[in-house]
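Numbering (the working numbering), first residue to last: 1 to 104.
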């Protein structure tokens, strides 16, 4: 949540700007966990979880094929680096087409 409001920049991995998968790799590295750099690669790590079983910290993937990722924060919400012109923000899980979720 400390990254809320930071700008989106394609290919950015922080700490001053992020793209979606860069935010994930940065956040997980701060928690002492290593995850791949791209959203498609991130969608292969950890354990698959059902949308109905999401817990804070789970990775949530969108679109088919996977092209976006956010971190579940509870209450049906994710934090994510959305798109150019939008800062890192909180959105509803249902705001984009759900693909899958993983627990790392």
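Every residue, glycine too, gets a C-beta built ideally from N, C-alpha and C.
Owing to the predicted nature of the structure, the values given are computational and were not obtained by experimental measurement.
- Query: Helix, strand or coil for residue 79 per DSSP?
  - Reply: Taking the first residue of the chain shown as 1, we reach residue 79 at position 79. DSSP places residue 79 in strand when its eight states are reduced to three.
- Could you give the distance in angstroms between the alpha-carbon of residue 37 and the alpha-carbon of residue 25? Along the chain shown, read from residue 1 onward, the residue named residue 37 stands at position 37. Along the chain shown, read from residue 1 onward, the residue named residue 25 stands at position 25. About 6 angstroms.
- Task: Under the assumption that residue 71 contacts residue 57 (Cβ atoms under 8 angstroms), give the Cβ distance between them as a whole number of angstroms.
- Result: Counting from one through the chain shown, the residue named residue 71 turns up at place 71. Counting from one through the chain shown, the residue named residue 57 turns up at place 57. Confirmed, about 7 angstroms.
- Task: Taking residue 88 and residue 23 to be in contact with their CB atoms under 8 angstroms, please state how far apart those CB atoms are, rounded to whole angstroms.
- Result: Looking up residue 88 in the chain shown gives position 88. Looking up residue 23 in the chain shown gives position 23. The pair is a contact, with the Cβ atoms about 6 angstroms apart (cut-off 8 angstroms).
- Query: Do residue 69 and residue 103 have their CB atoms nearer than 8 angstroms?
  - Reply: By 1-based counting over the chain shown, the position of residue 69 is 69. By 1-based counting over the chain shown, the position of residue 103 is 103. Not closer than 8 angstroms, so no.
- Query: Taking buried to mean at least 16 other C-beta atoms within 10 Å of its own C-beta, is residue 6 buried or exposed?
  - Reply: For the purposes of this step, residue 6 is identified with residue 6 of the chain shown, where counting begins at 1. Classification for residue 6: buried.
- Option in 39, 59 and 40 with minimal Cα separation from residue 47: Taking the chain shown and counting its residues from 1, the one referred to as residue 47 is at position 47. Among 39, 59 and 40, the Cα nearest to that of residue 47 is on 59.
- Task: Under the assumption that residue 64 contacts residue 80 (Cβ atoms under 8 angstroms), give the Cβ distance between them as a whole number of angstroms.
- Result: Position 64 of the chain shown, counting from 1, holds the residue named residue 64. Position 80 of the chain shown, counting from 1, holds the residue named residue 80. Incorrect: roughly 17 angstroms between the Cβ atoms, too far for contact.
- Query: Can you check whether the CB of residue 8 is closer than 8 angstroms to the CB of residue 82?
  - Reply: If you number the chain shown from 1, residue 82 lands on position 82. If you number the chain shown from 1, residue 8 lands on position 8. A contact, by the Cβ cut-off of 8 angstroms.
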